[in-house]
Each structure stands twice: as structure tokens, then as C-alpha cells.
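First the structure, in the form of C-alpha cells, and then the observations on it.
Protein chains: 2
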Amino acid sequence: MFAFINNKFLEEKDAQLQVGDLAIQRGYGVFDYFRTRNYVPLFLADYLERFFNSARGLRLELPYAKDEITKIVDELIKKNNIPEAGFRIILTGGYSPDNFHPSTSNLIVLQQLVTLPTKQKFDKGLKIILHEYMRDLPGIKSINYLMGIYLQHKIQQQNADDVLYYKEDAILEFPRSNVFIVTQEQTVVTPSENVLHGITRMKVIELAHKHYKVEERPVSVMELKQAAEVFLTSTAKRILPVLQVDDLIIGDGRPGAVTTDLYSNFLTVEETYST
Amino acid sequence: MFAFINNKFLEEKDAQLQVGDLAIQRGYGVFDYFRTRNYVPLFLADYLERFFNSARGLRLELPYAKDEITKIVDELIKKNNIPEAGFRIILTGGYSPDNFHPSTSNLIVLQQLVTLPTKQKFDKGLKIILHEYMRDLPGIKSINYLMGIYLQHKIQQQNADDVLYYKEDAILEFPRSNVFIVTQEQTVVTPSENVLHGITRMKVIELAHKHYKVEERPVSVMELKQAAEVFLTSTAKRILPVLQVDDLIIGDGRPGAVTTDLYSNFLTVEETYST
Numbered sequence: 420m421f422a423f424i425n426n427k428f429l430e431e432k433d434a435q436l437q438v439g440d441l442a443i444q445r446g447y448g449v450f451d452y453f454r455t456r457n458y459v460p461l462f463l464a465d466y467l468e469r470f471f472n473s474a475r476g477l478r479l480e481l482p483y484a485k486d487e488i489t490k491i492v493d494e495l496i497k498k499n500n501i502p503e504a505g506f507r508i509i510l511t512g513g514y515s516p517d518n519f520h521p522s523t524s525n526l527i528v529l530q531q532l533v534t535l536p537t538k539q540k541f542d543k544g545l546k547i548i549l550h551e552y553m554r555d556l557p558g559i560k561s562i563n564y565l566m567g568i569y570l571q572h573k574i575q576q577q578n579a580d581d582v583l584y585y586k587e588d589a590i591l592e593f594p595r596s597n598v599f600i601v602t603q604e605q606t607v608v609t610p611s612e613n614v615l616h617g618i619t620r621m622k623v624i625e626l627a628h629k630h631y632k633v634e635e636r637p638v639s640v641m642e643l644k645q646a647a648e649v650f651l652t653s654t655a656k657r658i659l660p661v662l663q664v665d666d667l668i669i670g671d672g673r674p675g676a677v678t679t680d681l682y683s684n685f686l687t688v689e690e691t692y693s694t
Numbered sequence: 420m421f422a423f424i425n426n427k428f429l430e431e432k433d434a435q436l437q438v439g440d441l442a443i444q445r446g447y448g449v450f451d452y453f454r455t456r457n458y459v460p461l462f463l464a465d466y467l468e469r470f471f472n473s474a475r476g477l478r479l480e481l482p483y484a485k486d487e488i489t490k491i492v493d494e495l496i497k498k499n500n501i502p503e504a505g506f507r508i509i510l511t512g513g514y515s516p517d518n519f520h521p522s523t524s525n526l527i528v529l530q531q532l533v534t535l536p537t538k539q540k541f542d543k544g545l546k547i548i549l550h551e552y553m554r555d556l557p558g559i560k561s562i563n564y565l566m567g568i569y570l571q572h573k574i575q576q577q578n579a580d581d582v583l584y585y586k587e588d589a590i591l592e593f594p595r596s597n598v599f600i601v602t603q604e605q606t607v608v609t610p611s612e613n614v615l616h617g618i619t620r621m622k623v624i625e626l627a628h629k630h631y632k633v634e635e636r637p638v639s640v641m642e643l644k645q646a647a648e649v650f651l652t653s654t655a656k657r658i659l660p661v662l663q664v665d666d667l668i669i670g671d672g673r674p675g676a677v678t679t680d681l682y683s684n685f686l687t688v689e690e691t692y693s694t
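Protein sequences, first through last, are from chains A and B. One rule links them: number in this note's numbering = place in the first sequence (from 1) + 419. One rule links them: number in this note's numbering = place in the second sequence (from 1) + 419.
Below you can see the structure in the form of C-alpha cells.
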């Protein structure tokens with residue numbers, strides 16, 4: 420698999436950073452992640468917009484404009500010739516002379532195999548646990564996943580699939596996904612403050628507006644537990660129903676009608692975009 | 420300058436990690452930092468103890484025992500031949516197959532030039548600002564410095580030298596240093612909960628016990644502001660007086676007697692240890 424680093428295409432194993440980079444020294448960097456379908460990068464403009472915002476948020480300078488990065492992505496799609504893949508773009512703090520203050524950033528573009536959840540996985544749904552935590556600078560897609568990875572052990576111990584962060588009774592997001600609830604009145608609700616604004620989240624909000632009432636506002640833990648349906652959205656998972664929160668079964672323990680409807684519509688959007 | 424990575428000594432520029440390492444992908448890793456004086460690694464056993472604790476905390480497996488790492492450090496001291504230097508040992512999440520779950524860790528040992536604060540710097544002291552924040556997993560020396568680096572801009576804007584974190588009115592620590600206050604009654608006090616336990620902090624507590632009353636307990640922002648003296652401790656800075664907090668001058672704006680006494684005693688401890 421070819422990768423791109425700073426100014427050249429290399430075999431991924433040869434794409435390396437000196438250990439002085441601030442990502443390695445201090446976990447300082449931003450990234451973004453999108454997918455291709457049928458060789459087409461889905462919603463690329465939205466992802467690049469967010470990536471550039473993240474870089475600006477951490478005061479990291481991008482060495483390329485959006486159209487140049489698009490060309491690099493296109494070149495990797497040609498070179499690697501994989502129709503359905505994931506793309507990871509990382510911008511690091513660079514080789515800092517004092518191991519603390521950012522320097523010229525290193526840019527990395529990786530194409531990676533991706534396994535999307537099957538319909539069986541959708542039907543089975545997820546069991547999640549709750550953990551009180553808010554990501555640092557939540558609107559920025561930084562590389563800081565210390566807590567998310569640290570909690571994997573707890574997730575396994577409790578036989579769960581993922582962990583939902585909450586802060587002072589307001590649910591926020593998963594380490595790598597956004598959360599939605601569907602109320603008993605079929606209103607689609609998702610938190611908007613102190614979370615990363617997912618691109619799949621944005622697309623689902625757009626879709627939901629066509630058939631349902633949609634609200635972006637704080638959601639309490641109690642409201643989550645009393646919801647008719649709960650689901651998550653992410654680039655690598657699209658839409659997955661949450662059917663259990665700790666010991667509590669959500670709804671009748673099967674994917675709800677609204678979640679299933681949005682999932683089906685989202686697949687159509689992807690297909691339309693890439694054909 | 421030679422560095423050590425996994426199992427070999429290399430020129431530092433050749434010490435590289437593939438971009439798939441979890442430090443680069445997810446900021447997941449631990450490290451420690453100590454100094455040499457007169458070719459002797461100061462308090463190495465204490466630093467290695469903490470480093471191993473940090474690794475255990477993040478469930479990262481060390482490829483070497485403490486005595487083997489000591490040998491690697493000794494070998495670098497010989498190869499690089501610098502009497503007074505800094506040493507940075509980093510253990511990363513490794514090359515994760517799914518970019519999320521830790522794998523076999525990569526170990527890096529770097530020797531680096533260090534510039535210790537001069538007596539002039541000590542006399543000048545520091546101006547600090549306050550920021551409400553608590554590090555994730557504060558007892559673990561992880562590589563996550565997202566907030567510490569992000570706040571450098573604010574520090575510069577306010578013409579300050581450093582930022583002190585506090586949480587719900589209790590002062591905690593600086594991004595890279597511990598905080599002490601000396602009360603009007605000459606009691607030396609430092610927070611103990613929700614902070615990294617610095618090795619210099621530990622040595623200063625030991626020293627302070629000989630001549631002063633010492634307390635490890637929560638310290639409020641108000642107590643900080645009413646303190647007779649405030650100082651920080653860190654490996655790279657030893658002891659530095661804090662003479663201004665935001666717009667408030669501490670004491671008479673000059674290094675206090677207790678701070679100066681502890682500083683002088685600490686220099687003696689270093690000298691004794693390394694001769």
C-alpha cells in the first residue's frame with residue numbers, strides 16, 4: 420500500500436517520522452478520516468473543511484491547499500487501486516527544537532482497508548456503557564485518544580461494544596462516534612455542544628430533517644435511557660443501533676423504525692454520491 | 420547524538436517510527452525524563468519506578484527490565500559523552516493493526532542537551548496564569564500534552580511564563596511541573612491528589628521535612644494567592660520561585676527565604692549524588 424508523507428509517495432512501511440516529532444513526544448497533532456466508495460472519496464469537501472478547521476484550532480500550518488490534498492488523495496486511489504477504503508490524513512506538531520513548541524508540521528496521508536458493519540451487525544446492535552468524561556477541545560479532531568483507548572479494557576470487562584461519554588448529566592459522544600436518540604414522539608435529537616461534529620452526523624441530520632422533527636440540544640442521561648431508539652453515527656460504522664445501555668434495554672431491544680429508515684436513506688445517499 | 424530504539428543504537432535522525440504507531444495515530448504512550456550530572460543519571464531508580472508504573476497504567480508492556488534500561492542509558496552516556504544532559508524514555512502503543520488497540524510497544528531512549536535555569540533566572544522568578552483543567556489520568560506520565568501546548572499561546576499573550584491548572588478551586592500542577600506554596604506560618608504545602616508525582620517534588624518534600632512543617636493536601640486558589648511564597652519543581656527546572664499569579668504579586672515579589680533555602684539544599688543533594 421502506498422502512503423504519502425510531506426512531499427512523496429512511499430510504501431507505507433517506509434513512511435516514517437523521526438522520534439522527535441511532537442506527535443510522538445507530546446501527542447500533538449490533528450487528523451481526519453473519510454472513506455471511498457467505488458473509488459470516490461465520500462463527502463471529501465466536508466472532511467477537508469473539518470481537517471483544516473482542526474489544524475487552525477491547534478495553530479498547525481498546512482503545507483498544502485485543499486485542492487492539492489485532493490490531488491494527493493486521487494493519486495493514492497490510482498496507485499493503490501482499492502475501490503472501498505479508508506483514508507487517514509494526519510498533521511503533526513513537527514520536529515520541535517525544544518520538544519514542546521510546534522514546528523513545521525509533518526503531513527501524512529494513508530489509505531487503509533476498511534470493513535464496514537454488515538446488515539447482521541446492524542440488526543444485532545450495540546451494548547454501550549457510560550463514562551463521565553469530556554474530550555479536551557472537543558470541536559477539534561486531535562490525535563488525543565488517551566481516555567478512549569484506556570477505557571477499552573473496561574468495555575471488554577463489561578462485555579460491551581463502546582463507551583458513551585457524559586458530563587454533568589449531559590451525554591456527549593463516543594470516543595469515535597456521535598450519538599443520536601429518537602424520542603417517544605419520534606423526534607431525532609443529538610447533542611451539539613462539546614462534541615466533535617461528525618460528517619456522518621451532519622448527513623444524518625440533513626436526512627432526518629426530511630421526515631422527522633430534528634433537535635440539536637443537550638440530552639440528559641435520563642432522556643437517553645427513556646428514548647425509543649438510540650443510535651450512533653461514524654464514518655467507519657455509518658449508523659448502528661444502540662440496543663442496550665449498561666443493563667437497560669432500549670425500546671424492544673431491536674433496531675427501531677426511525678434508525679432503520681435513516682440507515683437505508685444514508686446508504687442511498689452514499690450510492691448516489693459515488694455513481 | 421546517538422539514540423536507542425527497540426533494540427539498537429542509531430544516530431537520532433535515523434531513529435524513526437512507522438506512521439502506524441499509536442503515538443502518531445492516537446497520542447497513546449508514556450514517557451519519563453531525567454537528567455545526568457557529571458555523567459551520573461540523577462535519581463534514576465525513582466524515575467524508572469515511575470516510568471514502569473506509567474506503562475502499567477496504560478497497559479503497555481515494557482520489552483526490558485529496569486537493569487537492562489539502566490545499561491542502555493549507561494551505553495548512551497558513553498557513546499554521546501555529554502556530562503550534563505537530559506534523557507527521555509518513551510514507550511508507545513506500537514503498530515496497531517486497527518489503529519486503535521495497542522500492540523507491541525516501541526521503546527525509544529533519547530539523550531538531549533539541557534539548559535538549566537541560571538541563578539539570575541531563579542532571582543527573576545516566574546509570572547504564571549491560572550487555567551481550569553485537570554490532566555487525563557493525572558498519575559500517569561502519558562505523552563498527552565494537548566492542553567499544555569494549546570495554552571502556550573495564551574501564556575505568551577499574557578506575558579507569562581507558565582500556566583497552573585486548577586479544578587473546582589483546588590490548584591493542581593503545571594503542564595510539566597509541580598506546585599508548592601509556603602504559608603505565612605512557613606509550612607510547605609503541595610497538592611497530592613490528581614497530579615503527577617514529580618521526582619523533584621518528592622526530593623523537595625524530603626528536604627523540607629528536615630526544617631519545616633510539610634503538608635500534602637488540597638490547596639485552594641485563595642490559599643495560593645495568600646501564600647508567603649510559591650514555587651514550582653521539575654526535573655529540567657529544579658526549583659523556581661513564582662513571584663506573580665495573574666496580576667497579583669506574591670510576597671514582596673522576590674524569591675522567599677524558604678524557597679531559596681530548599682533550592683540551595685537541592686543543589687547540594689544533586690552534587691552529593693553525582694560525585
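Glycine included, every Cβ here is placed at the ideal spot set by N, Cα and C. Because the structure is a prediction, the values reported are computed rather than measured.
Start and end residues, beta strand (DSSP E) containing residue i
i	result
A/A655	It is not in any beta strand (DSSP E) - A/A655 carries neither H nor E in the DSSP assignment.
A/T609	V607 to T609
A/G476	Counting along the chain, A/G476 falls outside any beta strand (DSSP E), though it belongs to the alpha helix (DSSP H) covering L463 to G476.
Interface partners of residue i on chain A, CB under 7 Å
i	result
B/M566	D555
B/V492	The contacting residues do not exist; B/V492 stays about 16 Å from chain A at best.
B/K432	Q437
Neighbour list for residue i in chain A, Cβ cutoff strictly below 8 Å
i	result
B/S561	G446 and L565
B/I548	Near B/I548 there are no residues of chain A at all, since even the closest Cβ is about 17 Å away, more than 8 Å.
B/I527	V438 and I443
B/Q575	Near B/Q575 there are no residues of chain A at all, since even the closest Cβ is about 10 Å away, more than 8 Å.
B/Q435	Q435, L436, Q437 and V438
N-terminal and C-terminal residue of the alpha helix (DSSP H) that residue i is part of
i	result
B/Y692	A676 to Y692
A/I600	No alpha helix (DSSP H) contains A/I600, which is instead part of the beta strand (DSSP E) from N597 to V601.
B/N500	Here B/N500 belongs to no alpha helix (DSSP H), and DSSP marks it neither H nor E.
B/A484	Looking at the DSSP string, B/A484 is not in any alpha helix (DSSP H), and its letter there is neither H nor E.
B/L441	L441 to R445
Within chain B, the residues that residue i reaches when beta carbons sit closer than 9 Å
i	result
A/P521	I568 and Q571
A/K538	Simply none; closest approach about 22 Å.
Contact check, residue i vs residue j, beta carbons under 8 Å
i	j	result
B/L549	B/L583	yes
B/Y447	B/P521	yes
B/S693	B/N457	yes
B/A627	B/L686	no
A/V664	A/E634	no
B/V417	B/D588	Within the shown structure, residues of chain B are numbered from 420 to 694, placing residue 417 of chain B beyond reach of any answer.
A/R478	B/H572	yes
A/V688	A/V601	no
B/V623	B/L591	no
B/P502	B/T537	no
B/K586	B/V449	no
A/A434	B/Q603	no
B/P460	B/S524	no
Bridge partners - residue i, DSSP secondary structure assignment
i	result
B/E430	B/F421
A/L436	B/L436
A/Y452	A/R507
B/E592	B/N597
B/Q663	B/K546 and B/I668
A/V459	A/R456
Partners in chain A for residue i, counting only beta-carbon separations shorter than 9 Å
i	result
B/L477	L565, I568 and Y569
B/I424	V438
Closer than 8 Å at the beta carbon, the chain B residues around residue i
i	result
A/I509	V438, I443 and Q444
Identify every run of the beta strand (DSSP E) within the region 513 to 587 of chain B, keeping only runs that are complete inside it and at least 3 residues long; order them along the chain. 526 to 532, 545 to 551 and 581 to 586
Of all the alpha helix (DSSP H) runs that stay within the bounds of the region 604 to 650 of chain B, which reach a length of 4 or more residues? 618 to 628 and 640 to 644
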